[in-house]
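So our numbering is basically just the index in the sequence shown, starting at one, shifted up by 800.
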Amino acid sequence: MSKGGRRFRAAAPVSPGSLTGRCDPVGRPRARVLLCGLCVVLAVAGMLGVYLSIDTLDSVRPHPADWTRDKLSHLPSRVSASQVRRLVSRVDLSRLWETHLRPLLVERLPGSPGSSAVRQHLLSSLRSLSAGWTVEVDSFSSLTPRGRVSFSNVLAVLDPEAPRRLLLACHYDSKKLPGGPFLGAKGCVDSPVGVLRWGGGLRGVDCH
801 MSKGGRRFRA AAPVSPGSLT GRCDPVGRPR ARVLLCGLCV VLAVAGMLGV YLSIDTLDSV
861 RPHPADWTRD KLSHLPSRVS ASQVRRLVSR VDLSRLWETH LRPLLVERLP GSPGSSAVRQ
921 HLLSSLRSLS AGWTVEVDSF SSLTPRGRVS FSNVLAVLDP EAPRRLLLAC HYDSKKLPGG
981 PFLGAKGCVD SPVGVLRWGG GLRGVDCH
């Protein structure tokens, strides 16, 4: 045969399966099964991680206190005589009189200028304390022998966002009595004086 004949030799017939012989038709289902299994494993692992994280948060999160149980089971601590003397020695009687008591010894009829002045004195004194009291006025009306009268109380709350709070309430109005101005007696000025005294004694509670 000549060299030219070799150049134009017809190509051998190609069988239909020869072009796809590299792809294993049996391996395709296996790959799909493995891929599906991997997806299932990843999904289960993700769900398990979420469950464990929620369980961990529940164990770390503080549970609300049972205030009724704690109140009934609370045992007060005893205060010795030396502790009482030490506390009393810190009371400045002159300052207590001039700063807290003297401004209250005025006629404090509801709605009167004296009542308004005492209310402003209580508000400014409590708001000036460093402990950061939240101070507000609670106003209400009530029936009296003189008809319906409007009253006001001064309220001071320490840390109002806390579940168990310290509240100081002060009612400072005086009654209308014959025979002259009624400046105050037990039950009329002990509340505001006590509020100011306690508030002043706790002025540093935010630092401790």
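Beta carbons are placed, not taken as given, at the ideal position from N, Cα and C, and that holds for glycine. Everything numeric in this text was worked out from a predicted model, so none of it was measured.
Residue i to residue j span [Cα, whole Å]
i, j, result
"Lys-975", "Arg-908", "8 Å"
"His-874", "Trp-867", "10 Å"
"Val-888", "Pro-945", "41 Å"
"Ser-924", "Tyr-851", "53 Å"
"Ser-915", "Val-949", "13 Å"
"Pro-960", "His-921", "22 Å"
"Leu-835", "Ala-845", "15 Å"
"Val-833", "Met-847", "21 Å"
"Glu-898", "Gly-911", "25 Å"
"Arg-885", "Ser-853", "54 Å"
"Pro-876", "Leu-977", "42 Å"
"Pro-1010", "Leu-943", "In this structure the chain extends from 801 to 1008, so residue 1010 is not present and cannot be described."
"Gly-821", "Cys-839", "Only weak support exists for where Gly-821 lies, its pLDDT of 48 falling under 50; the value from the coordinates is given anyway. In a straight line, the C-alpha of Gly-821 is about 30 Å away from that of Cys-839."
"Ser-881", "Leu-901", "In the sequence as presented, Ser is not what sits at residue 881; that position holds Ala. For Ala-881 and Leu-901, the distance between alpha carbons rounds to 27 Å."
"Pro-829", "Gly-837", "12 Å"
"Gly-947", "Leu-893", "40 Å"
"Leu-842", "Arg-869", "47 Å"
Residue i: first and last residue of the uninterrupted beta strand (DSSP E) it sits in
i, result
"Ala-956", "947–958"
"His-971", "966–971"
"Asp-892", "Looking at the DSSP string, Asp-892 is not in any beta strand (DSSP E), and its letter there is neither H nor E."
"Leu-943", "934–944"
Contact check, residue i vs residue j, beta carbons under 8 Å
i, j, result
"Leu-926", "Ala-956", "yes"
"Tyr-972", "Leu-929", "no"
"Arg-965", "Leu-958", "yes"
Contact belief for residue i with residue j at Cβ below 8 Å, rounded distance in angstroms
i, j, result
"Ser-1015", "Ser-941", "Here the chain has residues from 801 to 1008 only, and residue 1015 is not among them."
Spatially closest choice to residue i from the options, by CA coordinates
i, options, result
"Val-906", "Leu-835, Val-918, Val-840", "Val-918"
"Glu-936", "Ser-912, Leu-967, Leu-943, Val-840", "Leu-967"
Extent of the continuous alpha helix (DSSP H) run through residue i
i, result
"Val-918", "913–927"
"Asp-870", "867–873"
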